[in-house]
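Residue numbers (the working numbering), protein chains in the order written: chain A, 1 to 490; chain B, 491 to 980; chain C, 981 to 1470; chain D, 1471 to 1592; chain E, 1593 to 1714; chain F, 1715 to 1836.
Have a look at the structure below before the remarks.
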Amino acid sequence: MKKRVGLGAAMALAALLIMPGSALAQGQAAAVDVIKGELDITWVMVACVLVLFMQAGFLFLEIGFSRQKNVGAGVAKVLVNLGVVTLAWWAVGFGISSLTGNKLFGTEGFFFHHGQEIGGVAVGGSETALMLFGMLFCAVSLAIVWGTTLERIKFAAYAIYAAVFGAIIYPLIAHGVYGGGLLADVGGRPVMDFAGSSVVHLTGAVGAFAALLLLGPRLGKYAPDGRPRAIPGHSMPLVGLGVMILWVGWYGFNAGSTFGTSGNLMAEVALNTQLAAAAGVLGASAVSYMKTKSVDVGMAGNGAIAGLVAITAPSGYVEFWAAPIIGLVGGVIVVYGVYAIDRYLDDPVGALSAHGLAGIWGTLAVGLFGSERLILDGAAPGVWYGIFGDASLGATIGQLAVQAVGVAATFTVVFGLSYATFFAIKRTIGLRVSEDEEQAGLDISSHGMYGLPEAFIPPEEYPGADHRIPTPAGSPARAPAVAADRLSEA
Amino acid sequence: MKKRVGLGAAMALAALLIMPGSALAQGQAAAVDVIKGELDITWVMVACVLVLFMQAGFLFLEIGFSRQKNVGAGVAKVLVNLGVVTLAWWAVGFGISSLTGNKLFGTEGFFFHHGQEIGGVAVGGSETALMLFGMLFCAVSLAIVWGTTLERIKFAAYAIYAAVFGAIIYPLIAHGVYGGGLLADVGGRPVMDFAGSSVVHLTGAVGAFAALLLLGPRLGKYAPDGRPRAIPGHSMPLVGLGVMILWVGWYGFNAGSTFGTSGNLMAEVALNTQLAAAAGVLGASAVSYMKTKSVDVGMAGNGAIAGLVAITAPSGYVEFWAAPIIGLVGGVIVVYGVYAIDRYLDDPVGALSAHGLAGIWGTLAVGLFGSERLILDGAAPGVWYGIFGDASLGATIGQLAVQAVGVAATFTVVFGLSYATFFAIKRTIGLRVSEDEEQAGLDISSHGMYGLPEAFIPPEEYPGADHRIPTPAGSPARAPAVAADRLSEA
Amino acid sequence: MKKRVGLGAAMALAALLIMPGSALAQGQAAAVDVIKGELDITWVMVACVLVLFMQAGFLFLEIGFSRQKNVGAGVAKVLVNLGVVTLAWWAVGFGISSLTGNKLFGTEGFFFHHGQEIGGVAVGGSETALMLFGMLFCAVSLAIVWGTTLERIKFAAYAIYAAVFGAIIYPLIAHGVYGGGLLADVGGRPVMDFAGSSVVHLTGAVGAFAALLLLGPRLGKYAPDGRPRAIPGHSMPLVGLGVMILWVGWYGFNAGSTFGTSGNLMAEVALNTQLAAAAGVLGASAVSYMKTKSVDVGMAGNGAIAGLVAITAPSGYVEFWAAPIIGLVGGVIVVYGVYAIDRYLDDPVGALSAHGLAGIWGTLAVGLFGSERLILDGAAPGVWYGIFGDASLGATIGQLAVQAVGVAATFTVVFGLSYATFFAIKRTIGLRVSEDEEQAGLDISSHGMYGLPEAFIPPEEYPGADHRIPTPAGSPARAPAVAADRLSEA
Amino acid sequence: MKKIEAFIRHEAFEPIRAELLEKGFPSLSIGEVKGSGRQKGIVESYRGSRLTVNVRPKLKIECVVEDRDKSVVVETILKHARTGDVGDGKIFVIDVEEAIRIRTGEEGDDVLQAHAESEIPG
Amino acid sequence: MKKIEAFIRHEAFEPIRAELLEKGFPSLSIGEVKGSGRQKGIVESYRGSRLTVNVRPKLKIECVVEDRDKSVVVETILKHARTGDVGDGKIFVIDVEEAIRIRTGEEGDDVLQAHAESEIPG
Amino acid sequence: MKKIEAFIRHEAFEPIRAELLEKGFPSLSIGEVKGSGRQKGIVESYRGSRLTVNVRPKLKIECVVEDRDKSVVVETILKHARTGDVGDGKIFVIDVEEAIRIRTGEEGDDVLQAHAESEIPG
Ligand SMILES: Nc1ncnc2c1ncn2[C@@H]1O[C@H](COP(=O)(O)OP(=O)(O)O)[C@@H](O)[C@H]1O
Ligand SMILES: Nc1ncnc2c1ncn2[C@@H]1O[C@H](COP(=O)(O)OP(=O)(O)O)[C@@H](O)[C@H]1O
Ligand SMILES: Nc1ncnc2c1ncn2[C@@H]1O[C@H](COP(=O)(O)OP(=O)(O)O)[C@@H](O)[C@H]1O
């Protein structure tokens, strides 16, 4: 689908060139072709901006779900991770992910530079845009990983895993599905994952799962009798900020995965995205209300994200009516998922559910609802059309199975590599801060200062801070020092 | 470098003009037409993203103006409302708003889907983009409603009104003005409301007004002697975040209402928007300074919003010189409006002034400053041109009257339907939480947990939280448990 | 108007189809040219939105680095400044910056309006877009100025300097480099500053430096023995928000400075931007870790900004491999710069280092790494190519010298004018609030209310606030008043 | 001299302060405390888990007065702080041996509450 | 009656509260304080500068009991608050002259901790 | 033993703490309180409405010392806390019956401030 859209448009225009007519018209056609190319890339660039912005979304989701003593660490983490993954992708990752090489990995595009030949094409502006888009997807996937590790992982562990993830783990999966790798042809059918429910979100969640197994829960998360205890994050407003930024960014994530404007397909993808996110919120809110007679704020946010994750794979392949269904189920899954997982694993932001379970659901949903009109060549439509439409039921079930294979393969590869990486980190520099450092909070113990200093340092010790009596604006006069007391008493 | 790129391309194309042409040129023309269509839709999609982002703007305006005990509720509200209105618009609202049917409501486009015939056109990508743009406008209008209801309205009331609003109330107004309804032809002249000072902002504010009349003020807002008391919102930084996001989003809201790039009109609309917002800030700040000898932070923000609301209707119809005037007046109005309304009605964010009064002013401003060059066919320019230019004064006054009719009709319809809806809610499930719930805050009473837990739950009860002595980063060693005390004393 | 635009364009194109032969092709060529123009402006408009958003980035950087008692003042400041600079640029600044007039200043474009002739071209949509883009750049430059003045400058001083800056100071520099002024031809070579490391960032930092010299440090910043004391900002999460918004906005800032989509150069600029920002984070984090054995959160953020500032001038002129080097050096410089400057000057956000030193470095870096393929006509490539490539070493060193001249000239002009302006303010209305006002905080003393009221006003005095026992959601019943105590005890 | 320490509900403070001021007792101090008594804890929920908070926010008033004024203060507190429901709080009286006004260094009963008319700022 | 004032580490509170409740002493108050004692200050760093914090967060428990119950409370606190390291804190005992339950206005030893069975809410 | 309770301005704390430490009194506790006395309330404005705050932030120092050390502490506080303006605060002295060091369980005057040289950590 992806690449093909751009190619299709290019071919259509190229076809025009063989029509009879004058040389002027031919020059014209070339000019039109160039503009069409630039228009496509303009849209991709807009999408890049939106996907980059998602880093802020993940940041605030994490910060909001952290306690006050750990909020600064999140900032350092997201910046350093984005730094590492950017360079890792540029130097190595893009090459491995690229549409070259063999079924397992790409072999061209390392240390990406202008004029470099990749798959026979010399790198120019449009190739650069697509490479950047891929980089930012990789960064999103990485950001998901940290959701389970809040408030206790060592700072150095981030940076190391980020390098491995950006250079190898994510690129392998991306190559597998988008780069002509093994998953692009599973017994003749491609795994369909329009924007990455599986490639990006499940991958991130599986990395998170591997980390969590080796890391263990936060101190105090489980009562002596094993029951989970609530450790409320410090700010729902910041969680809300994170969710809204992600929602907005997802327009770039999904609708940008059209790689251009042909047929204005990006608008259809965007509407699917909006409908699923909406239904995700409602599904999660309804379930959370039914279970506790109140709408848990964080769950409403997780519902939005689950809806978005779930529609990510199908967003370019399904009709509008299917999107609310896919989102709603995503929203329901995420609440039950958080509740169930919380009994055994300490996942402060709910990444395993929102990105993992919803990512699996979304990938399978393509096999349930994929529309003939939109799916990839060689793929079969969804089982729905096998039952209610005139598609062959067998073929549709086959496609569903292929989608499941995609999920299983992604899980296996990412889990294996991630577990090995985190295991190596644990055995060498260690994965977790000491108990004292955890109790004190990562801000002070790993970064030397609280992220919210005035919440921790008493006012009388804060330099230059004192509680002198304020002279509110509009007071008749300003007098030096303590005499102001008298003034403000007037 | 800079300029030269564009010039180079232009010159290359100009060179083509001297070559001869043919039938190929006709295929070309079609291709050019397609690209132009895609370019228009690309701009609309960018605008969609910006208008969606405005939800975050409204969210932080509300959160900032709330007390700490009510900040999480805002997050749940904005997510659930966005969810409800998205689905309501998709299923019903868009159809009612559409450019089909009769003078009162549209009749095609329900359960919007690909290929569906609406007004004789089959739904494709570009129709989808416009439908999405309309949906997000409706969501903005709804978000305005909640400004007056903070800190006391029941959660269920949101969701119910959101459904009615998204399916019926807003669509009726949108159909009236934009969908060929009654207001598109008032005695031969159209009501001109470029991006919705009236359709979107006044509509939201009137819904807010109806809600407030039935809801009453917050506990403690009025002293026993009836004087209003200040109930300061908890965070001006978050108000500032909201204002800045709205300002940015408004570029999509106004400049996206060109529905394309023809004539690069979107740039003119954007500059008008920027100038009016700027003048709105200055107007509000100046008045607030004159009245209190200090610049009220929230008022500066309200001034920006009032400037933006005021320019919304005229943004595509007036020359640049008029924009600062329109914005300035908007900024002045909002301060006096907040002061005056506060005496009788408890509107924590100032929505009645910023969206209501400024929305009325903006709609009328088209009748004062509308420029011949830009106005709709059939409309007359502004009274200014009647007095100082060579337009017929009578015609211009007639247009001003038509604008007033637009305001009055919008007010009447929205107020009637909204009051009825809220009245029904009040009589059935109730509109307002109990006094105890209000005192305790909506976060804990409606959502089961504080939005800022560490501000309310004592540290010794917070699981896993204790005040163990921090071992700051860079300390020589990390030791288990209490022994760390000794270390950090070194 | 609305719908009509799209339809109108379509109809115009359809009309072309019935035109015969070469005439048709000529019409076509014109149509193609128009669309290309609109596409370029569409990209510029996207960039405008992103650059406007940077205001929010600067706002949160400042707020995060302020103490709680000064957080509201930042909001009022950014809004009022944006207001003033917008109008100043529209009325005067753009004219002075414009590509007209003499070597020192432009002479056309005052009170910018439609149809106005500027440099022989009548103002239309595309000229408007570029004027708006320039305005928003000016606003960015101004926002940088305030970084050094936090927590003690008088409110009125902002507004006055903003007017001078927007009308005169910044426009002079912009004219000098981009408007065909003195710096566009230094002994035959142009100063190359693609998006403004020097024009925008150094200019802002120099204004900040002038302000700081006249303003002095915050109370308590220096211990009696002269050693600097830490005055931690109140929120690293908000600093993180600011950094992420700036990073995203910078895609518009740099990649928008292509002024269009030709050759998809904007993608190359964006990738350079991303690589340098990433390396900036890593450079600053590494140095900060080496010096303190912990990663200072604010420094990681400053590293990102320094990387971005450093790449701003070279972003359109260098190959990808140079970007990480430029960013890394920027990140290293910023940490050493902050440490060194802190000993003598109180710059709470590190603007002098992040925008000043990194801006100088970035401007010089063009002279080191500028690539033949990308540089301006008349310029020489970087010294690197003189040493390792086949460019003339002398010529490349000459270009480096020209870059240095650009830096020196910018410093001199901006410092002179800024110092004079601030000096005049100091002598008339005064530059600094009283000690009492500073102690009490600008929020209460200049704006009449705390920006975070609940952090300062005791709960028992807060109207309508009390600590009545919450009845958590999901409780069996809601009872009036104090009886709720009993319920919640069940 | 006696120090009266009262643990009360927050909402009772404003009327107590106002009435004491009127009766000539402007001087007192308050602090935020959390108390446990016969009120049960509050159960909160978060993402499906529960959190029990066993202490409740209360306000502690401290007011030092001459021996003979003790009962006026105690009664004023009782009057406004009593709702009749569990959680109203307690008043304790403790003996104070010395009192010094920092501003003047004066000692004794006089510094506690009474003011020379001239001293009260406008 | 005696008032027991103890300055302890935060983490000691939960076990103390739980054991006192079990032993029939549900009533007490706590407040956040900062203490300086033999623990040294904490040095923090920020953007290259240093900040020394000389006081540490501690919890102050206040519990008024009948004379004869004093030692039970003191021992319970000692039991849970002692880690053996510097910074464990102190306990002080002060005499209280009067105690009044605001809800009922009753005075005397009875109001301090004991409850009629019927009074204890479900 | 005596407990000295002083209500002071925040900015006076650092010099008091430093001088007491130097004089051999490292141990004390502080807490945030709000006080009302002869200082008038503060009027704030917000969106055109007014808000009056009647109490002002003060710092409460609590320091228990042997009887004979009382006057040293009182004088140190007086020295640094006095500005001569309304709002300087008060010092109260209360008798303490017992004092226990939690870390060791020791009782009596010795636990209050004095330290064996060996005990003071590096
Ligand atoms: N013996 C006590 N010592 C210290 N504080 C107490 C004591 N008794 C009550 N309090 C304080 O008073 C508050 C209310 O007491 P509670 O026993 O719930 O009310 P009531 O006396 O009306 O039954 C408690 O939360 C606590 O702060
Ligand atoms: N004499 C005192 N007066 C008031 N508070 C004290 C006194 N001694 C100790 N404290 C409180 O107890 C805390 C712990 O005291 P510290 O001397 O560090 O421990 P330890 O008694 O184990 O040596 C201090 O931080 C302070 O809050
Ligand atoms: N009798 C008292 N009881 C309790 N606190 C008091 C008493 N008198 C003064 N205070 C505390 O001291 C602070 C300053 O007292 P104030 O009367 O304003 O100053 P001054 O004694 O200099 O006239 C008050 O805000 C309050 O916290």
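Where a beta carbon is used, it is the ideal one built from N, C-alpha and C, also for glycine.
Computed from a predicted structure; not experimentally measured.
For Gly1749/F, the three-state DSSP class (helix, strand or coil):
By 1-based counting over the sixth sequence, the position of residue 1749/F is 35. It is a strand residue.
Using Cβ-Cβ distances below 9 Å, what residues of the region 1103–1121 of chain C are close to chain A?
Here the close residues number zero.
Pop quiz: Val1779/F and Met1715/F are said to be a contact at Cβ under 8 Å. What is the actual Cβ separation, rounded to whole angstroms?
Locating residue 1779/F in the sixth sequence gives position 65, where the first residue counts as 1. Locating residue 1715/F in the sixth sequence gives position 1, where the first residue counts as 1. Between Val1779/F and Met1715/F a beta carbon distance of about 7 Å is seen, short of the 8 Å cut, so the two are scored as contacting.
So is the beta-carbon of Glu1577/D under 7 Å away from any non-hydrogen atom of ligand 1?
Locating residue 1577/D in the fourth sequence gives position 107, counting from the first residue. With a cutoff of 7 Å, Glu1577/D does not count as near ligand 1, since its C-beta is closer than that to no heavy atom of the ligand.
With distances taken from CA atoms, which of Leu772/B, Ile823/B, Met756/B, His665/B is nearest Ser843/B?
As a first step, residue 843/B is located in the second sequence; it is residue number 353 there, counting from the start. Of the listed residues, the one whose Cα sits closest to Ser843/B is Ile823/B.
Under 8 Å between C-beta atoms, does Ala563/B make it to chain D?
As a first step, residue 563/B must be located in the second sequence, where it is residue number 73. So, not an interface residue.
Compare the C-beta of Asp956/B against all C-beta atoms of chain E and say whether one is closer than 8 Å.
Position 466 of the second sequence holds residue 956/B. Residue confidence is low: Asp956/B scores 49 on pLDDT, short of 50, so the model does not pin down where it sits. No coordinate-derived value is stated.
From the DSSP secondary-structure annotation, give me the bridge partner or partners of Val1534/D.
If you number the fourth sequence from 1, residue 1534/D lands on position 64. Under the DSSP definition of a beta bridge, Val1534/D partners with Lys1473/D.
Following the continuous alpha helix (DSSP H) through Asp933/B, name the residue where it begins and the one where it ends.
Position 443 of the second sequence, counting from 1, holds the residue named residue 933/B. Looking at the DSSP string, the run of the alpha helix (DSSP H) that includes Asp933/B is 932–937.
Pair within 8 Å by beta-carbon distance, Gly1064/B and Leu620/B:
Since the first residue of chain B shown is 491 and the last is 980, residue 1064/B is not available in this structure.
Any alpha helix (DSSP H) of 4 or more consecutive residues that is wholly inside the region 804–851 of chain B
Taking only runs of at least 4 residues, the alpha helix (DSSP H) segments lying wholly in the region 804–851 of chain B are 812–832.
The beta strand (DSSP E) that contains Tyr1430/C, what's its start and end?
Indexing the third sequence from 1 puts residue 1430/C at position 450. Element bounds for Tyr1430/C: n/a, residue is neither H nor E.
Within chain C, the residues that Glu1484/D reaches when beta carbons sit closer than 9 Å:
Counted from its first residue, the fourth sequence places residue 1484/D at position 14. Within chain C, the residues near Glu1484/D are Glu1440, Glu1441.
Partners in chain F for Asp1565/D, counting only beta-carbon separations shorter than 8 Å:
Position 95 of the fourth sequence holds residue 1565/D. For a Cβ distance threshold of 8 Å, residue set Ile1808, Asp1809 of chain F lies close to Asp1565/D, ordered along the chain.
How many Å lie between Gln403/A and Tyr161/A at the Cα?
Residue numbering aside, residue 403/A sits at position 403 when the first sequence is read from its first letter. Residue numbering aside, residue 161/A sits at position 161 when the first sequence is read from its first letter. Cα to Cα, Gln403/A sits roughly 28 Å from Tyr161/A.
Cβ-heavy atom distance, Cys1118/C to ligand 3, below 7 Å:
Translated into positions along the third sequence, residue 1118/C becomes position 138. Not so, every heavy atom of ligand 3 lies at least 7 Å from the Cβ.
Rounded C-alpha distance that separates Val92/A from Ser1351/C:
Start at 1 with the first residue of the first sequence, and residue 92/A comes out as number 92. Start at 1 with the first residue of the third sequence, and residue 1351/C comes out as number 371. One C-alpha to the other measures close to 23 Å.
Could you please give me the residues that DSSP links to Val186/A through a beta bridge?
Along the first sequence, read from residue 1 onward, the residue named residue 186/A stands at position 186. BP columns for Val186/A point to Arg189/A.
What residues of chain F sit near Gly1229/C, judged by a beta carbon separation below 9 Å?
On the third sequence, position 249 is the one that residue 1229/C refers to. Near Gly1229/C there are no residues of chain F at all, since even the closest Cβ is about 31 Å away, more than 9 Å.
To the nearest whole angstrom, what separates the beta carbons of Gly1347/C and Leu1380/C, a pair I think is in contact under 8 Å?
The residue you call residue 1347/C lines up with position 367 of the third sequence. The residue you call residue 1380/C lines up with position 400 of the third sequence. About 3 Å; that satisfies the 8 Å criterion.
Rounded to whole angstroms, what's the CA-CA distance from Glu1248/C to Ile1355/C? Just pull it up for me.
Taking the first residue of the third sequence as 1, we reach residue 1248/C at position 268. Taking the first residue of the third sequence as 1, we reach residue 1355/C at position 375. For Glu1248/C and Ile1355/C, the distance between alpha carbons rounds to 14 Å.
Going by beta carbon distance, what residues of the same chain come within less than 6 Å of Val1581/D, once the five residues before and after it are set aside?
What you label residue 1581/D is simply residue 111 of the fourth sequence in a count that begins at 1. Sequence-distant partners of Val1581/D (beyond 5 residues in either direction) whose C-beta falls short of 6 Å from its own C-beta, in its chain, are Ala1569, Arg1571.
Which residues of chain F have a Cβ atom closer than 7 Å to the Cβ of Ile1622/E, listed in chain order?
For the purposes of this step, residue 1622/E is identified with residue 30 of the fifth sequence, where counting begins at 1. Among the residues of chain F, none has a CB under 7 Å from the CB of Ile1622/E; the nearest is roughly 11 Å distant.
Top-ranked residue by Cα proximity to Lys1016/C, from Ser1077/C, Ser1078/C, Gly1243/C, Val1055/C
Your numbering for residue 1016/C matches position 36 in the third sequence. Closest option to Lys1016/C, Cα to Cα, is Gly1243/C.
Whole-angstrom Cβ separation of Ala796/B and Tyr1760/F, contact assumed at under 8 Å?
Here residue 796/B refers to the residue found at position 306 when the second sequence is read from its first residue. Here residue 1760/F refers to the residue found at position 46 when the sixth sequence is read from its first residue. Not a contact, Cβ separation roughly 18 Å.
So, does the CB of Leu1613/E fall closer than 8 Å to a CB anywhere in chain C?
For the purposes of this step, residue 1613/E is identified with residue 21 of the fifth sequence, where counting begins at 1. Residue contact with chain C for Leu1613/E: absent (no Cβ-Cβ distance below 8 Å to any residue of chain C).
Using a beta-carbon distance cut-off of less than 9 Å, what residues from the region 1669–1700 of chain E approach chain F?
Per Cβ criterion, the list reads Ile1669, Leu1670, Ala1673, Arg1674, Thr1675, Gly1676, Asp1677, Val1678, Gly1679, Asp1680, Gly1681, Lys1682, Ile1683, Phe1684, Val1685, Ile1686, Asp1687.
Got a sec? Which residues, its chain only, sit under 7 Å from Lys426/A by beta carbon, not counting five neighbours each side?
Residue 426/A sits at position 426 when you count from the first residue of the first sequence. Same-chain partners within the cutoff: Leu214.
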